[in-house]
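Below is one structure, written out as structure tokens; the observations come after it.
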């Protein structure tokens, strides 16, 4: 039957080729649409994954604030977010890394520059795992030599400030030129900051008569601390155009230190105000970041931390919403892409119905010679299936080419607008196989009517056909 | 060889499918349906009507006949007498509205569409007035075609196709397409194709109708030779009485779908 079908396909070569091309266009549109959807989803997942947000949990002490919604707040005293808590997080299964969220204000100037060239900015702590962040894709210089090294990586716009250069427009290339970078790399950046000097003796301070000076209370004096101005030399080792793990810090940090070294500096952070008001709290962290090995474990780890008595937040929910949005996008693209295949399947019906009209007598002869209804059906199914396979294979290839062209065109456009080239398009093997199978199934489905019509032909009438 | 009682058409399972439940019973209903095992073909009270506009045309109207093994029968009659319809019914290409047909012990009334296809494949071979070769196939491929449906192995297909082509003297023309051959050669190829599955019964519908008299005689000689050599039952439709007298042992005359006359051919052999 395959041989007979093959002969029939060759006999009406042009018509069958055109039908096959029609199918391939349908499959190509399906492949191109879906590969674009999949590519976009992968692109966003990649970007978000590298932002450090999808595998991280932000832990904070439970709120003690009382306000209009106080009735919803747990009235039991919150557990302190201290070293003991930090160690307990490290023991949770699936946790890869635990580090404090460091964010403090400091004053910076280049060594040998005038004091009036000092600038206030925000300092952040960066873990070693941040090296994988997209911000380091084309950064200038090197990463920290160790987690405790007095080294700094600075943002390129802050580097411009240090060099006295005007800021770049928002969409323009932020990266410094090699010469500009060389003026800073290896140089010393002088940091002045406020240090929380622990276990310091309390200093009586004058206060208005209406206020009671609690620092004179003997019971609380033992855990009070001093704030002293400190200076630290930092070696500039790297310059980045965008902030690593930007999502965590809302993009305000200009100078990044190794998180271990930043901890050692013991800089005053906004949360320290609480310790000042409530003596006896001891050293606590504002926030702790818990990074899990696999993003799928985020929810489980988050629940565990909540059970330990802390507030925990991750953006897995946002990720799930994104997946859902992409599912709808992919479905929409698949339906849109399938429309062309549906139209192409009508081409198969048309081609095969034409073939029945042309081969009516031949079908009659075959039946007279002993061909059964299913033999006749099989011949038409093989013809439809062959067109489906060839069209599917051709279409998958064509879809791949269309995807490459879209990708290329987008990247040309992006490079003209000073954006980095990206892959928005991806054809996974399963998509190629699914497209082929779908093409064959659609073709066979389209062949159903012509095949059964051919099989039902009355041989006597068919033999009379001229 | 089987013997017994025939099943009458329309079988219940086929009535609705065929949509002929409103067909009247044939006039031969009272006929004895017993058959003996020496008959190759037995048709009893066959009725086949066609709808033309609002009326029913009786193409075959209560025909009964029998053919012994190896017998050569000619069905004679004018155009529209029902001889080709009768042949199609015996070939299993068409189903009667009522009546019974047994060929080589096979009661066609009991056959579903697949069994009928198998019957056409193995029990009967057909030769048509218009040759009915597939134009896009070579002679060899045309002859091989029935064996494809019979799922004969490729090697055996080749051997049998070559043997059949040799029998009809067309080995040297086997790579030609039908359009490249004369009418006589095409009919010989059609004959080779009809024989390739080694049928017991050869049904020939006006086999010389499209041939000149000389070529017609050549074809008829070939059919007769096969009839005698293979003891193959031949039922031939023709409107040429001369031809029937020359080759058929028995002649059945049809008119308006009915058997008018049936005579043994005493002139057989003498006409040569």
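Chains as they are written, first to last, in the numbering used here: chain A, 1 to 466; chain B, 1001 to 1272.
Note that beta-carbon positions come from the ideal geometry of N, C-alpha and C, so glycine has one too.
- Residue 230(A) is positioned such that its CB atom lies closer than 8 Å to that of residue 193(A).
- With a 10 Å radius around the Cβ and a threshold of 16 neighbouring Cβ atoms, residue 77(A) comes out exposed.
- Comparing alpha carbon positions, the residue from 309(A), 313(A) and 286(A) closest to residue 299(A) is 313(A).
- With contacts defined as CB atoms closer than 8 Å, residue 1143(B) and residue 1189(B) qualify as a contacting pair.
- For residue 1063(B), the nearest beta carbon of chain A is not closer than 8 Å to its own beta carbon.
- Under the Cβ criterion of 8 Å, residue 15(A) is not counted among the residues facing chain B.
- Between the alpha carbons of residue 448(A) and residue 382(A) lies a distance of about 11 Å.
- Excluding sequence positions up to five before and after residue 102(A), its CB lies within less than 8 Å of the CB of 123, 124, 125, 257, 259, 262, 263, 267 and 269, all in the same chain and listed in chain order.
- Within chain B, no C-beta atom comes less than 9 Å from the C-beta of residue 355(A); the nearest is roughly 12 Å away.
- Judged by DSSP secondary structure, residue 1082(B) falls outside any beta strand (DSSP E); it is assigned neither H nor E.
- Of all alpha-carbon atoms in 1141(B), 1135(B) and 1041(B), the one lying nearest the alpha-carbon of residue 1069(B) is that of 1041(B).
- Where residue 100(A) is concerned, the enclosing beta strand (DSSP E) starts and stops at 95-100.
- Residue-level contact by beta carbon fails for residue 457(A) and chain B, as no gap is shorter than 8 Å.
- Residue 1134(B) belongs to the set of residues whose beta carbon lies under 8 Å from a beta carbon in chain A.
- Judged by pairs of C-beta atoms under 8 Å, the region 1046-1065 of chain B does not touch the region 1105-1121 of chain B, as fewer than three such pairs exist.
- Between the region 86-103 of chain A and the region 281-296 of chain A, the count of C-beta pairs closer than 8 Å reaches three or more; the two stretches touch.
- Beyond the five residues adjoining it in sequence on each side, residue 37(A) comes within less than 6 Å, by CB distance, of 329, 330 and 333 in the same chain, given in chain order.
- In summary, residue 142(A) is exposed, with fewer than 16 beta-carbon neighbours lying within 10 Å of its beta-carbon over all protein chains present.
- Proximity of residue 1088(B) to chain A, defined by a Cβ-Cβ separation below 8 Å, is satisfied.
- By the Cβ neighbour-count rule, residue 413(A) is exposed, with fewer than 16 other Cβ atoms within 10 Å of its own.
- Contacts with chain B at 8 Å (Cβ-Cβ) do not include residue 452(A).
- At a cut-off of 8 Å between C-beta atoms, residue 1058(B) does not count as an interface residue with respect to chain A.
- In this structure residue 189(A) does not touch residue 310(A) by the C-beta definition: roughly 35 Å separates them, more than the 8 Å allowed.
- In the DSSP assignment, residue 1055(B) forms a beta bridge with 1052(B).
- Among the residues of the region 361-395 of chain A, those with a Cβ less than 9 Å away from any Cβ of chain B are 361, 362, 364, 365, 366, 367, 368, 369, 370, 371, 372, 373, 374 and 375, in the order of the chain.
- Residue-level contact check: residue 429(A) does not touch chain B, since none of the beta carbons of chain B fall below 8 Å from its beta carbon.
- If you draw a straight line from the Cα of residue 1224(B) to the Cα of residue 1187(B), it is about 14 Å long.
- Nearest CB-CB separation between residue 352(A) and chain B: not below the 8 Å threshold.
- What residue 1121(B) touches in chain A, judged by beta-carbon distance under 9 Å, is 369, 370, 371 and 372, going in chain order.
- The criterion of a C-beta distance shorter than 8 Å is satisfied by residue 1251(B) and residue 1076(B).
- For the region 410-427 of chain A, no residue has a beta-carbon sitting nearer than 7 Å to a beta-carbon of chain B.
- Membership of residue 1221(B) in the alpha helix (DSSP H) is indicated by the continuous run 1213-1229.
- A direct Cα-Cα distance of roughly 7 Å separates residue 1173(B) from residue 1139(B).
- Residue nearest to residue 1129(B) within the set 1211(B), 1246(B), 1149(B) and 1108(B) is 1211(B) (criterion: CA-CA distance).
- DSSP places residue 1150(B) in the coil class of the three-state scheme, outside both helix and strand.
- Under the three-state reduction of DSSP, residue 1258(B) is assigned to strand.
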